[in-house]
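Below you'll find the structure, written out as structure tokens, and then a few comments.
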Amino acid sequence: MSPVHQVLGTPELLDIVLRCLRDQIHQDAKAGISTDVASTNPPVKWKAGFMSLVLVNQAFFYASVGILWERMHSLDPFLSLLEA
């Protein structure tokens, strides 16, 4: 098994990698660097790109879902789940 697969297959290390990715997206957005997921409104836009990581596999799902739901700025996302 390659080192990359070992890192991405270890939940604790994958969590660190994804948190670094999130932080980099925020820094790029603040610096005005345009990426596919960075924008002038990082609390909202970074999540759209990050959502694609949820669908990669089970390990990515559990690591990225925790990061996505970590900070909520309103209860609207929770309430929309109840309406569905």
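When we follow full-length UniProt numbering, the leftmost residue of the sequence shown carries the number 1, and every step to the right adds one.
For glycine and all other residues, C-beta sits at the position ideal for the given N, C-alpha and C.
These numbers come from a predicted model, not from an experiment.
Check, Outcome
"Roughly how many angstroms lie between the CA atoms of S64 and E83, to the nearest whole one?", "24 Å"
"Just to confirm, are A59 and G9 a CB contact at a threshold of 9 Å?", "yes"
"Relative to the C-alpha of P11, which candidate in L79, N57, D76 has its C-alpha closest?", "N57"
"Would you decide whether R71 is buried or exposed? Buried here means 16 or more other CB atoms lie within 10 Å of its CB.", "exposed"
"May I ask you to report which of helix, strand or coil DSSP gives H26?", "helix"
"Are the beta-carbon atoms of W46 and H73 separated by less than 9 Å?", "no"
"How is V56 classed by DSSP in three states: helix, strand or coil?", "coil"
"For L14, which residues from the same chain have a beta carbon less than 8 Å from its beta carbon, with the 5 sequence-adjacent residues on both sides left out?", "V7, L8, A59, F60, A63"
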